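**Student:** I have a structure I would like to understand better, so I am pasting it below and will then ask my questions one at a time.
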Amino acid sequence: MRAARYYGKEDVRIVDDVERPTCGEGQVRVETAFVGICGTDLHEFMGGPNFSPTSPHPVTKESIPITIGHEFSGTIKELGKGLEKSGLKVGQKLAIQPTIYCARCGACENGAENACLNGGFVGLSGGGGGLSEEVVVPAEACLPLPDNVDLDIGALVEPLAVGWHAVDASPIADIKEPKCVVFGGGPIGLAVVQVLLARGAKLVICVEVAKKRQEFAKEFGAHHVIDPTKQDVVATALELCGGQQPPDIAFDCAGVPQSIETACKVVKSRGAVVNVAIWEKSIPFNPNWLVFREASYKGVLGYQKKDFEGVIKALGEGKIKPAPMITSRIQMDRLVDDGYWALIKEKDKHVKILVDMRAGLSDTAKVVSSSAP
Amino acid sequence: MPATTQDGDHSVANKPAPTTDGTMKAVRFHGGKTLREVDQSQRHLRYEDIPEPKCGQGQIKIKPAWCGICGSDLHEYLGGPSICPTSPHPITGEQVPVTFGHEFSGVIEELGKGVAEKWKVGDRVCVQPIIYDGDCGACQDGLINCCYKNGFVGLSGRICRSAMLRIINTDTSPGWGGGLSDHLVVPEYAVVKIPDNIGLDVAALVEPLAVGWHAVNASPFKPSDSVLVLGGGPIGLAVIQALRARGCKQIIVSEVSQMRKEFAKEFGAHHVLDPTKDDIVAKCRELADGQGVNVSFDAAGVQAGLDQAILALRARGTHVNIAIWEKRCNFFPNDLVFREKTYMAVATYVKGDFEDVISAISDGRLDMCKKMITKRIGLDEVVEEGFKALIKDKDNQVKILVRGSGQI
Numbered sequence: 001m002r003a004a005r006y007y008g009k010e011d012v013r014i015v016d017d018v019e020r021p022t023c024g025e026g027q028v029r030v031e032t033a034f035v036g037i038c039g040t041d042l043h044e045f046m047g048g049p050n051f052s053p054t055s056p057h058p059v060t061k062e063s064i065p066i067t068i069g070h071e072f073s074g075t076i077k078e079l080g081k082g083l084e085k086s087g088l089k090v091g092q093k094l095a096i097q098p099t100i101y102c103a104r105c106g107a108c109e110n111g112a113e114n115a116c117l118n119g120g121f122v123g124l125s126g127g128g129g130g131l132s133e134e135v136v137v138p139a140e141a142c143l144p145l146p147d148n149v150d151l152d153i154g155a156l157v158e159p160l161a162v163g164w165h166a167v168d169a170s171p172i173a174d175i176k177e178p179k180c181v182v183f184g185g186g187p188i189g190l191a192v193v194q195v196l197l198a199r200g201a202k203l204v205i206c207v208e209v210a211k212k213r214q215e216f217a218k219e220f221g222a223h224h225v226i227d228p229t230k231q232d233v234v235a236t237a238l239e240l241c242g243g244q245q246p247p248d249i250a251f252d253c254a255g256v257p258q259s260i261e262t263a264c265k266v267v268k269s270r271g272a273v274v275n276v277a278i279w280e281k282s283i284p285f286n287p288n289w290l291v292f293r294e295a296s297y298k299g300v301l302g303y304q305k306k307d308f309e310g311v312i313k314a315l316g317e318g319k320i321k322p323a324p325m326i327t328s329r330i331q332m333d334r335l336v337d338d339g340y341w342a343l344i345k346e347k348d349k350h351v352k353i354l355v356d357m358r359a360g361l362s363d364t365a366k367v368v369s370s371s372a373p
Numbered sequence: 001m002p003a004t005t006q007d008g009d010h011s012v013a014n015k016p017a018p019t020t021d022g023t024m025k026a027v028r029f030h031g032g033k034t035l036r037e038v039d040q041s042q043r044h045l046r047y048e049d050i051p052e053p054k055c056g057q058g059q060i061k062i063k064p065a066w067c068g069i070c071g072s073d074l075h076e077y078l079g080g081p082s083i084c085p086t087s088p089h090p091i092t093g094e095q096v097p098v099t100f101g102h103e104f105s106g107v108i109e110e111l112g113k114g115v116a117e118k119w120k121v122g123d124r125v126c127v128q129p130i131i132y133d134g135d136c137g138a139c140q141d142g143l144i145n146c147c148y149k150n151g152f153v154g155l156s157g158r159i160c161r162s163a164m165l166r167i168i169n170t171d172t173s174p175g176w177g178g179g180l181s182d183h184l185v186v187p188e189y190a191v192v193k194i195p196d197n198i199g200l201d202v203a204a205l206v207e208p209l210a211v212g213w214h215a216v217n218a219s220p221f222k223p224s225d226s227v228l229v230l231g232g233g234p235i236g237l238a239v240i241q242a243l244r245a246r247g248c249k250q251i252i253v254s255e256v257s258q259m260r261k262e263f264a265k266e267f268g269a270h271h272v273l274d275p276t277k278d279d280i281v282a283k284c285r286e287l288a289d290g291q292g293v294n295v296s297f298d299a300a301g302v303q304a305g306l307d308q309a310i311l312a313l314r315a316r317g318t319h320v321n322i323a324i325w326e327k328r329c330n331f332f333p334n335d336l337v338f339r340e341k342t343y344m345a346v347a348t349y350v351k352g353d354f355e356d357v358i359s360a361i362s363d364g365r366l367d368m369c370k371k372m373i374t375k376r377i378g379l380d381e382v383v384e385e386g387f388k389a390l391i392k393d394k395d396n397q398v399k400i401l402v403r404g405s406g407q408i
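Order-wise, the sequence lines are chains G and A.
When we follow full-length UniProt numbering, the leftmost residue of the first sequence carries the number 1, and every step to the right adds one.
When we follow full-length UniProt numbering, the leftmost residue of the second sequence carries the number 1, and every step to the right adds one.
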């Protein structure tokens with residue numbers, strides 16, 4: 001079958017000879033629909049394999065070249081044995097949770113499979129990927145979409161789940177009228193903004209340098225946008241919170257030395273900084289930024305099933321309306337030029353570029369699979 | 001969350017203490033060039049005569065009995081002023097010279113107007129040295145240690161009525177002072193009574209013990225946890241004692257100096273590791289179900305320790321920073337991200353910590369603490385036998401206590 005494969009730095013190829021996966025017991029064969037490209041994909045493309053395995057991955061046993069695409073939706077084509085009572089049906093619309101975990105390390109045994117010592121993602125660690133005609137995944141990775149949520153939106157569930165997980169990891173549930181600062185207005189920052197609003201945050205401030213991204217932040221509902229090159233973030237945020245008590249929580253979705261320092265300094269006493277960003281290198285840090293206000297700084301990674309479920313429920317109820325995140329739709333043959341390079345060269349112009357896996361298929365196939373035009 | 005402050009009118013008690021015509025001895029830090037930049041004279045830390053204070057409204061005058069020297073004092077002396085303000089602090093109005101001494105016990109010698117009836121001259125007390133305003137957002141949450149305008153008796157001195165009132169004669173006015181003096185006056189809210197079964201020398205240890213106590217309280221520590229403590233100095237030992245008092249199943253300590261390793265073992269560490277010889281990360285994993293420790297406490301404040309602690313934690317573990325750092329460190333946030341770990345920081349103590357520590361000393365849960373006192377000196381010997389001894393002979397000392405005239 002046809003698939004996009006990652007071979008190394010700046011080397012993604014569309015190939016036609018990838019073996020179709022077998023669908024075993026407890027597994028589901030998914031016909032892919034829409035696939036998003038993520039910052040991590042871009043980092044692997046630009047910088048060479050860092051996350052992708054260069055020696056056999058402990059769980060998938062694969063190493064590059066691997067099929068890519070980890071933010072995707074699809075429909076059920078085949079159910080493996082033993083899933084009669086699963087509630088899953090052929091033809092059902094799904095978002096896929098691409099988490100790979102070993103189920104036997106300390107993290108897995110303690111309910112933190114997203115922090116698995118041997119973990120990974122479908123589409124980044126082997127195990128197939130969304131940028132192929134079909135993927136076989138365990139039944140638990142299949143999250144059905146409600147009728148009113150289309151397959152293209154289904155491909156946004158994964159990045160939104162990153163935001164959901166980050167918000168869940170914060171102390172937001174214990175705060176009466178949460179006031180939050182989100183550093184970075186890229187796709188993940190915007191995901192966090194949307195989730196915060198859906199979860200009832202009283203005030204959401206976005207800190208972003210790029211003009212277009214500032215506009216996106218506003219469009220997605222941030223109450224205020226601060227340009228850190230023009231305004232003092234700490235002073236302005238305090239003022240926006242009423243001048244007495246600084247913001248409760250900061251989310252670092254930018255991952256640069258300035259964002260971590262400012263995030264630590266912007267929060268109130270016993271405030272929480274949630275780091276969502278993945279960093280390129282180590283940075284100078286001063287623990288005193290946390291000390292004087294007894295702040296905490298927590299790293300979060302990925303998501304768990306509850307986060308996918310939370311996002312899907314919110315989408316079904318109309319609490320999150322992420323459609324404007326899709327700034328371009330392309331076909332698979334244009335993946336590298338209009339996908340990867342477009343995001344690399346025109347970063348600020350785009351939020352999410354989706355690959356429409358069924359575009360260009362015959363009409364019969366289209367009728368069976370996709371829903372929204 | 002600690003109890004909210006309900007102290008009433010801080011602004012009155014926070015006023016500068018009036019002075020008498022008499023003078024008294026005090027050890028004051030004058031800042032200026034660092035010790036490394038000028039000769040080794042006593043110019044920066046001076047044993048000198050300054051005006052003796054008396055009580056204002058809502059204040060209590062204390063004769064210090066025993067006063068400890070702390071790492072923060074040493075840092076100021078060697079490399080400061082850093083916490084001590086060098087220009088009038090916008091809120092406190094204080095600046096160097098500042099009388100040192102923030103961990104001390106004493107005896108009440110005078111009561112200002114309006115203080116509660118429970119206080120009597122002769123009461124044996126220790127002082128909780130945080131200066132706070134009581135009405136900022138942090139104080140209202142009970143977090144006096146994070147008061148947005150906070151100060152410290154013995155490090156930033158007095159609070160001014162308003163920032164407009166610049167102190168002109170800082171050289172002569174004692175303000176709140178510090179424990180390294182013959183007398184000092186503090187607001188009533190800073191005074192904590194000690195029971196008869198606790199000696200005044202041990203009472204001078206309450207402050208550093210409260211630092212360790214608070215760190216353990218503020219962390220997600222549970223008694224069944226495996227815990228790593230970086231550093232076996234006074235604060236590391238305070239953490240070890242607090243963990244032991246709270247029934248910690250496994251205390252692992254990382255320390256380089258021989259003497260401090262022995263102290264750590266004596267104070268209750270189950271395992272003592274040497275980072276120059278042992279693979280701390282591997283050992284911690286081995287000792288803790290192959291996963292790593294649940295919580296780590298940094299009472300050392302050095303790069304290598306931080307790196308090791310973060311890796312020695314299990315997934316979703318928490319690293320607690322107590323140390324104040326001299327300079328920036330290198331930090332790779334991904335080390336937290338990929339296993340969802342948390343890095344939190346604590347500062348001093350909050351309301352209730354002093355009382356809890358006193359209780360634990362009194363009922364025997366903190367039964368080792370007297371062993372922290374490794375040397376006793378006079379106020380006139382502070383510079384040579386106190387500060388310089390700690391600098392030269394750091395590893396063989398835990399707490400050096402300075403004898404005050406209030407000592408019984």
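Note that the Cβ used here is the ideal one computed from N, Cα and C, for glycine as well.
No experiment lies behind these values; they were computed from the predicted model shown.
(1) For G/Glu-140, decide whether its Cβ has a neighbour in chain A, counting only Cβ atoms nearer than 8 Å.
(2) Can you pull the chain A neighbours of G/Asn-275, defined as C-beta to C-beta under 8 Å?
(3) Is DSSP giving G/Pro-322 helix, strand or coil here?
(4) Could you check whether the Cβ of A/Glu-340 sits closer than 8 Å to any Cβ belonging to chain G?
(5) Whole angstroms are fine: how far does the CA of G/Cys-253 sit from the CA of G/Pro-284?
(6) By Cβ distance below 6 Å, which residues in the same chain neighbour G/Gly-189 in space, the five residues on each side in sequence not counted?
(7) What is the C-beta distance between G/Ala-3 and G/Leu-131, in whole angstroms, given that I count them as a contact (C-beta under 8 Å)?
(8) Indicate whether the contact test is met: 3 or more Cβ pairs, each with one atom in the stretch 193-206 of chain A and one in the stretch 65-74 of chain A, closer than 8 Å.
(9) Which residues in chain A sit within 8 Å of G/Gly-285, going by Cβ to Cβ distance?
(10) Relative to the C-alpha of G/Gly-39, which residue among G/Pro-322, G/Ile-353 and G/Val-193 is closest?
(11) Using DSSP with H/G/I as helix, E/B as strand and the rest coil, what is G/Ile-353?
(12) In whole angstroms, give me the CA-to-CA distance for A/Arg-244 and A/Gly-268.
(13) Taking only three categories from DSSP, how would you classify G/Thr-262?
(14) Look at the alpha carbon of A/Ala-389 and the alpha carbon of G/Pro-53, and state the distance between them as a whole number of angstroms.
(15) At which residues does the beta strand (DSSP E) containing A/Pro-64 begin and terminate?
(16) Going by the CB atoms, is the gap between G/Ser-73 and G/Ala-139 shorter than 8 Å?
(17) Using the beta-carbon count (16 or more within 10 Å), is A/Ser-219 buried or exposed?
(18) Please determine, among A/His-75, A/Leu-180 and A/Ile-198, the residue with the shortest C-alpha to C-alpha distance to A/Asp-123.
(19) Please classify G/Ser-170: is it buried, with 16 or more other beta-carbons within 10 angstroms of its beta-carbon, or exposed?
(20) Does A/Lys-15 come within less than 8 Å of chain G when only Cβ atoms are used?
(21) At what residues does the beta strand (DSSP E) containing G/Glu-71 begin and finish?
(22) Any C-beta of chain A sitting closer than 8 Å to the C-beta of G/Ser-73?
(23) Say whether the stretch 140-158 of chain G touches the stretch 288-300 of chain G, bearing in mind that this needs 3 or more beta-carbon pairs closer than 8 Å, one atom from each stretch.
(24) What's the gap between the Cα of G/Glu-239 and the Cα of G/Val-195?
(25) State the Cα-Cα distance for the pair residue 422 of chain A and G/Ala-250, rounded to the nearest angstrom.
(26) Which same chain residues end up closer than 8 Å to A/Leu-45 when comparing Cβ atoms and leaving out the 5 residues on each side of it in sequence?
(27) Using the rule of at least 16 other Cβ atoms within 10 Å of the residue's Cβ for burial, across every protein chain shown, is G/Val-90 buried or exposed?
(28) For the 8 Å Cβ check, are there 3 or more pairs between the stretch 185-194 of chain A and the stretch 105-117 of chain A?
(29) Does any residue of chain A bring its CB to less than 8 Å from the CB of residue 388 of chain G?
(30) Using a Cβ cut-off of 8 Å (strictly closer), state whether A/Cys-146 contacts chain G.
(31) Could you run through the stretch 291-305 of chain G and flag, in chain order, every residue whose CB is less than 7 Å away from some CB of chain A?
(32) Skipping 5 residues on each side, what residues in its chain have a beta carbon closer than 6 Å to that of G/Tyr-340?
(33) Thinking A/Ser-347 and G/Glu-261 are a contact (beta carbons under 8 Å), I'd like their distance in whole angstroms, please.
(34) Does the beta carbon of A/Leu-143 sit closer than 8 Å to a beta carbon anywhere in chain G?
(35) Shortest alpha-carbon distance to A/Met-259 belongs to which of A/Gln-250, A/Asp-279 and A/Gly-231?
(36) Report buried or exposed for A/Gln-241, applying the criterion of at least 16 other Cβ atoms within 10 angstroms of its Cβ.
**Tutor:** On the basis of the data shown:
(1) As a first step, residue 140 of chain G must be located in the first sequence, where it is residue number 140. Taking Cβ atoms only, chain A never reaches closer than 8 Å to G/Glu-140, which makes this a no.
(2) Taking the first sequence and counting its residues from 1, one reaches residue 275 of chain G at position 275. In chain order: Pro-333, Leu-336 and Val-337.
(3) For the purposes of this step, residue 322 of chain G is taken as the residue at position 322 of the first sequence. Note: G/Pro-322 maps to coil in three-state DSSP.
(4) If you number the second sequence from 1, residue 340 of chain A lands on position 340. At least one chain G Cβ lies under 8 Å of A/Glu-340.
(5) Within the first sequence, numbered from 1, the residue matching residue 284 of chain G stands at position 284. Within the first sequence, numbered from 1, the residue matching residue 253 of chain G stands at position 253. Those two C-alpha atoms are separated by around 18 Å.
(6) Along the first sequence, one-based indexing puts residue 189 of chain G at 189. Contacts found: Val-182 and Cys-253.
(7) The residue labelled residue 3 of chain G in the question sits at position 3 within the first sequence. The residue labelled residue 131 of chain G in the question sits at position 131 within the first sequence. Yes, they are in contact, since the Cβ atoms of G/Ala-3 and G/Leu-131 sit about 6 Å apart, within 8 Å.
(8) yes
(9) Within the first sequence, the letter at position 285 stands for residue 285 of chain G. Looking at the sequence provided, one finds Phe at residue 285 of chain G rather than Gly. What G/Phe-285 touches in chain A: Arg-328, Cys-329, Asn-330 and Phe-331.
(10) Within the first sequence, numbered from 1, the residue matching residue 39 of chain G stands at position 39. Taking only the C-alpha atoms, the option nearest G/Gly-39 is G/Ile-353.
(11) Against the first sequence, residue 353 of chain G aligns to sequence position 353. It is a strand residue.
(12) Position 244 of the second sequence, counting from 1, holds the residue named residue 244 of chain A. Position 268 of the second sequence, counting from 1, holds the residue named residue 268 of chain A. Roughly 6 Å between the two C-alpha positions.
(13) In the first sequence, counting from the first residue as 1, residue 262 of chain G sits at position 262. Note: G/Thr-262 maps to helix in three-state DSSP.
(14) Residue numbering aside, residue 389 of chain A sits at position 389 when the second sequence is read from its first letter. Residue numbering aside, residue 53 of chain G sits at position 53 when the first sequence is read from its first letter. Distance between the alpha carbons of A/Ala-389 and G/Pro-53 is about 55 Å.
(15) On the second sequence, position 64 is the one that residue 64 of chain A refers to. First-last of the beta strand (DSSP E) with A/Pro-64: 59-68.
(16) Here residue 139 of chain G corresponds to residue number 139 of the first sequence, with the count starting at 1. Here residue 73 of chain G corresponds to residue number 73 of the first sequence, with the count starting at 1. No, the pair does not count as a contact, with Cβ atoms beyond the cut-off.
(17) For this step, residue 219 of chain A is matched to residue 219 along the second sequence. Answer is buried; the Cβ neighbour count reaches 16.
(18) Taking the second sequence and counting its residues from 1, one reaches residue 123 of chain A at position 123. If we check each option's Cα against that of A/Asp-123, A/Ile-198 comes out closest.
(19) The residue you call residue 170 of chain G lines up with position 170 of the first sequence. With 16 or more other Cβ atoms within 10 Å, it is buried.
(20) For this step, residue 15 of chain A is matched to residue 15 along the second sequence. No, because no Cβ of chain G sits closer than 8 Å to the Cβ of A/Lys-15.
(21) Looking up residue 71 of chain G in the first sequence gives position 71. Run containing G/Glu-71: 71-79, per the beta strand (DSSP E) assignment.
(22) Residue 73 of chain G sits at position 73 when you count from the first residue of the first sequence. Taking Cβ atoms only, chain A never reaches closer than 8 Å to G/Ser-73, which makes this a no.
(23) no
(24) In the first sequence, residue 239 of chain G corresponds to position 239, counting from 1. In the first sequence, residue 195 of chain G corresponds to position 195, counting from 1. Going from the Cα of G/Glu-239 to the Cα of G/Val-195 covers about 24 Å.
(25) It is not possible to answer for residue 422 of chain A, since the shown part of chain A is limited to 1 through 408.
(26) The residue given as residue 45 of chain A occupies position 45 in the second sequence. Val-27, Arg-28, Phe-29, His-30, Tyr-77, Phe-100, Val-382, Val-383 and Phe-387, listed in sequence order.
(27) Here residue 90 of chain G refers to the residue found at position 90 of the first sequence. Classification for G/Val-90: exposed.
(28) yes
(29) Because residue 388 of chain G is not part of the residues shown, which for chain G are 1 to 373, the question remains open.
(30) Here residue 146 of chain A refers to the residue found at position 146 of the second sequence. By this cut-off, A/Cys-146 is an interface position.
(31) Val-291, Phe-292, Arg-293, Glu-294, Ala-295, Ser-296, Tyr-297, Lys-298, Gly-299, Val-300 and Leu-301
(32) Along the first sequence, one-based indexing puts residue 340 of chain G at 340. Excluding positions up to five away in sequence, the list reads Phe-45.
(33) Along the second sequence, read from residue 1 onward, the residue named residue 347 of chain A stands at position 347. Along the first sequence, read from residue 1 onward, the residue named residue 261 of chain G stands at position 261. Ser is not the amino acid found at residue 347 of chain A; the sequence shown has Ala there. Incorrect: roughly 18 Å between the Cβ atoms, too far for contact.
(34) Stepping through the second sequence from its first residue, residue 143 of chain A is reached at position 143. Yes, contact with chain G.
(35) The sequence position of residue 259 of chain A within the second sequence is 259, counting from 1. Nearest C-alpha to A/Met-259: A/Gly-231.
(36) Taking the first residue of the second sequence as position 1, residue 241 of chain A is located at position 241. Buried.
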